[in-house]
Amino acid sequence: MVLEYANEGNLRDYLRIKFNLLQWENKIQMALDITCGLKCLHSKDIIHRDLHPKNILVNNGRLLIADFGLSKQITEVTSNSTANRMGMIEYTDPQCFKKVMNYKKDKRSDVYSLGVLLWEISSGRPPFHDVDRVILIHHIIESRREDPIVGTPLEYQQLYKKCWDGDPEKRPDINQVYNEILSLLNSLNKQSDQSEPDRSDQLDLYNSLEFFDSLTLYKNL
């Protein structure tokens, strides 16, 4: 059902085709779109668990979270559940690769994946695309991450680094991520001679949240 809303494919393909046309305002809005969707899921105590660019769909330049196949209510998750298995290595919580007793993915695992996505939006390319998969697991466990892209706003760099911290306790929750991205977007708008976002921009953000909310409810009926 979500596919009918996406006329520009997934995020990976979109960045490959359109990246050179994107301004920072566009990139930050894209980051905000994903964060809005995740914020809606987490507000219902639903964890996605498989967040990566091929599960982010693009419709008229706006991003939608899709593929809730591994999503579960927090209370339904066990350490050996199918939903707790690894997805794409680059976006997987490092705790999944460690011998952590009774480890269960939680909201912080989604925030880790979001951090990697934020970096990918800034770079236009997949993370660690030329690294062997086995070696990559060791990189992730050892807290080796991609370097910031030249020209990336400092606040954005600091945010995604907090999101992909190897220690789940140090990661921000989704509300903090949302507030920081929204603040950065407002700042960029002001720098572009827009003294403040107009009411239509604000309404659009709230409509995005409602849209994500309705999709989430539909997918979980």
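Everything in the sequence shown is counted per my numbering, starting at 64 for the first residue and increasing by one. Beta carbons: idealized from backbone N, C-alpha and C, even for Gly.
- Task: Can you tell me which of Leu251, Leu120 and Lys170 puts its alpha carbon nearest to the alpha carbon of Pro216?
- Result: Leu251
- Identify whether Arg125 lies in helix, strand or coil by the three-state DSSP scheme. Reduced to three states, the DSSP call for Arg125 is strand.
- Have a look at Lys81, Asp113 and Ile119 and flag the residue whose alpha-carbon is nearest the alpha-carbon of Ala300. Since the first residue of the chain shown is 64 and the last is 284, residue 300 is not available in this structure.
- Item | Close Cβ partners of Ser277 (< 7 Å) along its chain, the five nearest in sequence each way excluded | Low confidence applies to Ser277: its pLDDT is 43, below 50, so where it sits in the model is not reliable, and the reading given next is rough at best. Around Ser277: no qualifying Cβ.
- Task: Kindly indicate which three-state DSSP category Ile119 falls into: helix, strand or coil?
- Result: In the structure shown, the three-state DSSP call for Ile119 is strand.
- To which residues of the same chain is Gly187 closer than 7 Å at the C-beta, ignoring the five residues directly before and after it? Result list for Gly187: Leu78 and Phe82, in chain order.
- Item | Neighbourhood of Arg75 by C-beta distance below 6 Å, restricted to the same chain and skipping five residues each side | Pro116 and Lys117
- Message: Which residue marks the beginning of the alpha helix (DSSP H) containing Asp96, and which one marks its end?
- Response: Trp87 to Ser106
- Message: For the ligand SAH, is there any heavy atom lying closer than 7 Å to the beta carbon of Val194?
- Response: No copy of the ligand SAH appears in this structure; indeed no ligand is present at all.
- Task: Return the Cβ separation of Val25 and Leu177 in integer angstroms, given the expectation that the two are a contact with Cβ distance under 8 Å.
- Result: The first residue shown for the chain is 64 and the last is 284, placing residue 25 beyond what the model contains.
- Query: Nearest CA to the CA of Tyr175: which residue from Asp236, Asn70 and Gln92?
  - Reply: Asp236
- Item | Boundaries of the alpha helix (DSSP H) in which Cys226 is found, first to last residue | Leu217 to Cys226
- Collapsed DSSP secondary structure at Asn70 in the structure displayed: coil
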